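The listed protein sequences correspond, in order, to chains D and L.
UniProt numbering numbers the first residue of the first sequence as 1 and each following residue consecutively.
UniProt numbering numbers the first residue of the second sequence as 1 and each following residue consecutively.
In what follows, a single structure is set out as structure tokens and then discussed.
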Amino acid sequence: MTDMPAPAKSANARQSGSFEHLVYVLRANPVTLLAFGLFAFLIFCALFGPSVVPYDPLETNAAKALQPPSMEHWFGTDQIGRDVFSRVIVATRLDLSISVAAVALSFVVGSILGAIAGYWGGWLDIILNRFLDTIMAFPLFVLAMGIVAALGNTIENIIYATAIINMPFYARLVRAEVNIRRDAGFARAAKLSGNSDLRVLALHIFPNALPPMMVQVSLNLGWAILNAAGLSFIGLGVRPPTPEWGIMVAEGANFIVSGEWWLAVFPGLWLMIAVFTFNLLGDGLRDIVDPRKRT
Amino acid sequence: MLNVRNLAVSFQTRRGQVDAVRGISFDLAKGEILGIVGESGSGKSVTSYALMRILDAGGVIRAGEASYSGTDLRRASERNMRDIRGREISMIFQNPRAALNPIRKVGHQIEDVLRQHGRATRQDARTKAIAALEAVRIKDAAARYDAYPFELSGGMCQRIVCAIALACDPKLLIADEPTTGLDITTQKAVMDLVRDLIRDRGMSSILITHDLGLAAQYCDRIMVMKDGQIVEQGDPVQIFSDPQHAYSRKLVDATPREGESIRSLLPPEERKALIPHKVHPRPLLEVTDLVKTYQGKSGPVHAVRGISFRIDQGQSVGLVGESGCGKSTTSEILVRLLDPTSGTILFDGQDIAGIPAQRFVKDPRRADIQMVFQDATDSLNPRHSARQTIAEPLRRLGGMGGSALAARIEELAALVGLPLPLLDRFPHQLSGGQKARVGIARAVALNPRFLILDEPTAALDVSIQAVVLNLLVDLRAKLGLSYLFVSHDLHVVRLLCDHVLVMKDGAIVEEGPAHRVMSEPTHPYTRELLAAAPKPPARRIAAA
Chain D
1 MTDMPAPAKS ANARQSGSFE HLVYVLRANP VTLLAFGLFA FLIFCALFGP SVVPYDPLET
61 NAAKALQPPS MEHWFGTDQI GRDVFSRVIV ATRLDLSISV AAVALSFVVG SILGAIAGYW
121 GGWLDIILNR FLDTIMAFPL FVLAMGIVAA LGNTIENIIY ATAIINMPFY ARLVRAEVNI
181 RRDAGFARAA KLSGNSDLRV LALHIFPNAL PPMMVQVSLN LGWAILNAAG LSFIGLGVRP
241 PTPEWGIMVA EGANFIVSGE WWLAVFPGLW LMIAVFTFNL LGDGLRDIVD PRKRT
Chain L
1 MLNVRNLAVS FQTRRGQVDA VRGISFDLAK GEILGIVGES GSGKSVTSYA LMRILDAGGV
61 IRAGEASYSG TDLRRASERN MRDIRGREIS MIFQNPRAAL NPIRKVGHQI EDVLRQHGRA
121 TRQDARTKAI AALEAVRIKD AAARYDAYPF ELSGGMCQRI VCAIALACDP KLLIADEPTT
181 GLDITTQKAV MDLVRDLIRD RGMSSILITH DLGLAAQYCD RIMVMKDGQI VEQGDPVQIF
241 SDPQHAYSRK LVDATPREGE SIRSLLPPEE RKALIPHKVH PRPLLEVTDL VKTYQGKSGP
301 VHAVRGISFR IDQGQSVGLV GESGCGKSTT SEILVRLLDP TSGTILFDGQ DIAGIPAQRF
361 VKDPRRADIQ MVFQDATDSL NPRHSARQTI AEPLRRLGGM GGSALAARIE ELAALVGLPL
421 PLLDRFPHQL SGGQKARVGI ARAVALNPRF LILDEPTAAL DVSIQAVVLN LLVDLRAKLG
481 LSYLFVSHDL HVVRLLCDHV LVMKDGAIVE EGPAHRVMSE PTHPYTRELL AAAPKPPARR
541 IAAA
């Protein structure tokens, strides 16, 4: 990244700079590397899961019901002979999509509301804060249950419910981050450069709130998965026989007393790995999006 | 009393070991005030932290000896050090507000120290704490005892910190930049107080500062530090009149003094001939009865109370005053980031005060009025490289793009003396002086006609300040700019400005040609400001 006069070239240099930075962050912190490894594995399962699993996740086989883990069925089979391993892997796509969609939705809506409240303040800020307080005053899981029960038992409604209960966290975080930078020198300088308030907010102030947001996003992805699984566990949202970790744990729970532990343990384990991955990912993501870590 | 031999301190960082202090030796006699002068990164603060054994994580004393009245400071146990700190050696820190606990009454904070060192009991702590407050000349000490730090001014907080530091009658006081960030009259009051207290109690003191002038005025002996080494030490007058080391000479040159010109701040070999700037007696900016009133919780706050002045084309006007006098509000209004309550601002004969700040962004005159901000770090977006920062006004207001934009950015970088490879760096990868250059390049990018400089050198080291001031003078001549230079330092203003406005409590109390205001001030406040500025001894030889 030295003497490169042409703008195209320097853009290239910046690109390779980001890549080197990614490598640096991963190398500096083995935990981040582990988290990214697990994340890559989850993404792989979500994308290619259905085409790589050994069995059709919905195919029943009464002759092979409730078999313990073996070379043939790694995670055993359930009460109607479906392969648990195939179902766990295939469920990744649904669980990840629900959480990613819910988090994306709350990220966007929360960022917009929080940024507006933090930048303009005044009565907008007051109204929004009271509104968020109201949402947060409910026990969040109960609120999600209520929303799904009221709107109807569909996957979209699980996404909306999860997004609504997560939104206040984003709005508050963005509000605080925007508020402390509202009168920063660089924001005023951006106005002198001919940027309207909206542009200053969107292009100059908001990007500076991204590093802490990334931690929140990552933690929230884990939460959202738990939330979706929890809703399915109590019978809201995803319905059998669709493979989904929450339902699988719920169905398997009945068989633990009779010794068929694998039905509940493996989907539960996968759920735990997913949440664990996202919790670890946060710090790494923050380091990657923060230019100050780039030296 | 204090003997330091070959002290070396280093820090373990991500990029290996950094030597902050590389083998320094000095002695401090009883009753002596020693000044350690150096610029940021010279290791002057680290030296004092090492003596107190309060180095940050990763910092270790590598080698050398330090003894205080026979106690080995390097090897003393933590328990012994705790006794020494406060009772024998105490310290005043740079930012008084940060040094005080924000949620405890100041009186209680003094009591804590007294009781920690067994100087007071529960019964008489309050009386002793009030006595300590009186010792630092706080009026109405009994009432101030119950104050919280946020209720007190910066100067008052620094007095409280002094009271805490002196509460247990230490023998040695280390003051680390005690007046940075304070107003110039407050600085004088605090420094006079500290000097008197030290003299009265027969204490020794180490004054750490970046201001050679201040050190010369208050110290018996000065030590100049650079890159962790002592480059020169001696009597202040002698260092000023005949500095031996090249670096101390550079520092002495860069310290603004009476009767010097702006070029003389630079080392002799860098003094180019000054290009005179032309002042046309046509008004560029005429301000009439400008008023700004805020609605505070306890009634209206009058930030600016009807000020009027004019700036001619090509003229540089200095706006001088202390914090809270309304100079920043005035500059924000002039640069049209803030709307005045009333008054007119004629720019080129047309009123711009009536256009709301929000709409002025789209005004064609936006490019004509620009500003260089006080804190270069704060004024650069941490996520934008220097190139993106300079490109911003050119893209948004200049409508430039592609190769024309790239060429203009490089032209500007050359103009402000920013090496081209630095353009792709982010603010945190640039030094203070480089950041100041980026800020100036952005401000002059669109060839403005009027530039407001809001204490552009306040956060810079003196040698960098010298370079930046000279850059501003050169730019003025090259681009025909008019400046409004906002500052608290009359000596700096005098170097750059033709005309000076002195502001106090929202009103202009004195104005006139710079040399007249400096030599024959008429208003008592101007005289007070001039008297408060540190007066470094003159140089004996005028370097040709």
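The beta-carbon is built from N, C-alpha and C at its ideal position, and this holds for glycine as well.
Computed from a predicted structure; not experimentally measured.
query = Can you tell me the Cα-Cα spacing of residue 357(L) and residue 339(L), whole angstroms?
reply = Distance between the alpha carbons of residue 357(L) and residue 339(L) is about 6 Å.
query = Among the residues of its own chain, which have a CB less than 6 Å from the CB of residue 337(L), if the five just before and after it don't count?
reply = Only 357 meet the Cβ criterion.
query = For residue 26(L) versus residue 20(L), is the C-beta spacing smaller than 8 Å?
reply = The answer is no: Cβ separation not under 8 Å.
ask   = With burial defined as no fewer than 16 other Cβ atoms inside 10 Å of the residue's Cβ, what is the status of residue 91(L): buried or exposed?
value = Residue 91(L) comes out buried.
query = Using a Cβ cut-off of 8 Å, which residues of the stretch 176-195 of chain D contact any Cβ in chain L, in chain order?
reply = Residues are counted here when their Cβ sits less than 8 Å from a Cβ of chain L; for the stretch 176-195 of chain D these are 184, 185, 186, 188, 189, 190, 191, 192, 193, 194, 195, given in chain order.
query = Are any of the Cβ atoms in chain D nearer than 8 Å to that of residue 456(L)?
reply = Cβ-Cβ to chain D under 8 Å: no for residue 456(L).
task = Identify whether residue 525(L) lies in helix, strand or coil by the three-state DSSP scheme.
result = Under the three-state reduction of DSSP output, residue 525(L) falls in the helix class.
Given residue 96(L) as reference, the closest of 82(L), 54(L), 149(L), 256(L) once Cα atoms are compared = Distances from the CA of residue 96(L) to each of 82(L), 54(L), 149(L), 256(L) were compared; the closest alpha carbon is that of 149(L).
inquiry  = Check whether chain L comes within 8 Å of residue 29(D), counting only Cβ atoms and requiring the distance to be less than that.
reply    = Interface criterion not met: the Cβ of residue 29(D) is under 8 Å from no Cβ in chain L.
task = Take the Cβ of residue 139(L) as the centre, count every other Cβ of all protein chains shown within 10 Å, and call the residue buried at 16 or more, exposed below.
result = Exposed, since its Cβ has fewer than 16 Cβ neighbours within 10 Å.
request  = Give the residues of chain L in contact with residue 208(D), contact being defined as C-beta atoms less than 8 Å apart.
outcome  = Result: 381, 382, 383.
task = May I have a chain-ordered list of the beta strand (DSSP E) segments no shorter than 3 residues that lie completely inside the stretch 470-539 of chain L?
result = Runs of the beta strand (DSSP E) lying entirely within the stretch 470-539 of chain L, each at least 3 residues long, are 482-487, 499-504, 507-513 in chain order.
ask   = Any idea what DSSP makes of residue 18(L), helix, strand or coil?
value = DSSP, read as helix, strand or coil, puts residue 18(L) in strand.
Cut-off 6 Å between Cβ atoms - residues of its own chain near residue 301(L), not counting five sequence neighbours on either side = Hits under 6 Å: 294.
inquiry  = Is it buried or exposed, residue 39(L), if we count other Cβ atoms within 10 angstroms and call 16 or more buried?
reply    = So residue 39(L) counts as buried.
task = Give the secondary structure of residue 57(L) by DSSP, where H, G and I count as helix, E and B as strand, and everything else as coil.
result = Here residue 57(L) sits in coil by DSSP.
ask   = What is the rounded straight-line gap between the Cα of residue 253(D) and the Cα of residue 105(D)?
value = About 32 Å.
query = Of the residues that make up the stretch 370-404 of chain L, which ones have a beta carbon closer than 7 Å to any beta carbon in chain D?
reply = Listed in sequence order: 370, 371, 373, 375, 378, 379, 380, 381, 382, 383, 392, 393, 396, 397.
inquiry  = For residue 542(L), would you say it is in contact with chain D, using Cβ-to-Cβ distances shorter than 8 Å as the test?
reply    = Its pLDDT being 44, under 50, residue 542(L) is placed unreliably by the model, and nothing is read from it.
inquiry  = For residue 119(D), tell me which candidate among 200(D), 79(D), 73(D) has the shortest Cα-Cα distance.
reply    = Ranking the options by Cα distance to residue 119(D), first place goes to 200(D).
query = Of all the options 421(L), 359(L), 134(L), which has the alpha carbon lying nearest to the alpha carbon of residue 385(L)?
reply = If we check each option's Cα against that of residue 385(L), 421(L) comes out closest.
query = Just to confirm, are residue 186(D) and residue 381(L) a CB contact at a threshold of 8 Å?
reply = The answer is yes: Cβ separation under 8 Å.
inquiry  = Just to confirm the assignment, what range does the alpha helix (DSSP H) spanning residue 127(D) have?
reply    = Note, residue 127(D): alpha helix (DSSP H), 122-137.
request  = Quickly, what does DSSP pair residue 8(L) with across the bridge? List them, please.
outcome  = DSSP output for residue 8(L) lists 22(L), 63(L) as bridge partner(s).
key: Residues bridged to residue 60(D) (per DSSP)   = According to DSSP, residue 60(D) bridges with nothing at all.
task = Between the Cα of residue 90(D) and those of 46(D), 112(D), 117(D), spot the shortest distance and give me the residue it belongs to.
result = Minimum Cα distance to residue 90(D) is reached at 46(D).
key: beta strand (DSSP E) runs wholly inside the stretch 55-126 of chain L, at least 3 long, in chain order   = With a minimum length of 3 residues, the continuous beta strand (DSSP E) runs that stay inside the stretch 55-126 of chain L are 59-68, 89-92.
task = For residue 34(L), name the three-state secondary structure that DSSP assigns.
result = Three-state result, residue 34(L): strand.
Neighbour list for residue 337(L) in chain D, Cβ cutoff strictly below 9 Å = Those within 9 Å of residue 337(L) in chain D are 188, 191, 192.
inquiry  = Do residue 1(L) and residue 69(L) count as a contact pair if the criterion is CB distance below 8 Å?
reply    = Yes. Within cutoff.
inquiry  = With a threshold of 8 Å between beta carbons, is residue 287(D) in contact with chain L?
reply    = It does not: the Cβ of residue 287(D) has no partner Cβ on chain L nearer than 8 Å.
key: Beta-carbon neighbours of residue 358(L), restricted to chain D and to distances below 7 Å   = Result: 197.
message = I need the straight-line Cα distance from residue 497(L) to residue 519(L), nearest angstrom please.
response = Going by the C-alpha atoms only, they are around 14 Å apart.
query = With DSSP run on the structure shown, which of helix, strand or coil describes residue 270(L)?
reply = Helix, per DSSP.
request  = Give a yes or no on contact between the stretch 173-192 of chain D and the stretch 116-135 of chain D, applying the rule of three or more CB pairs nearer than 8 Å.
outcome  = Output reads yes: the stretch 116-135 of chain D touches the stretch 173-192 of chain D.
key: For residue 213(D), the first and last residue of its enclosing alpha helix (DSSP H)   = Start and end: 210-233.
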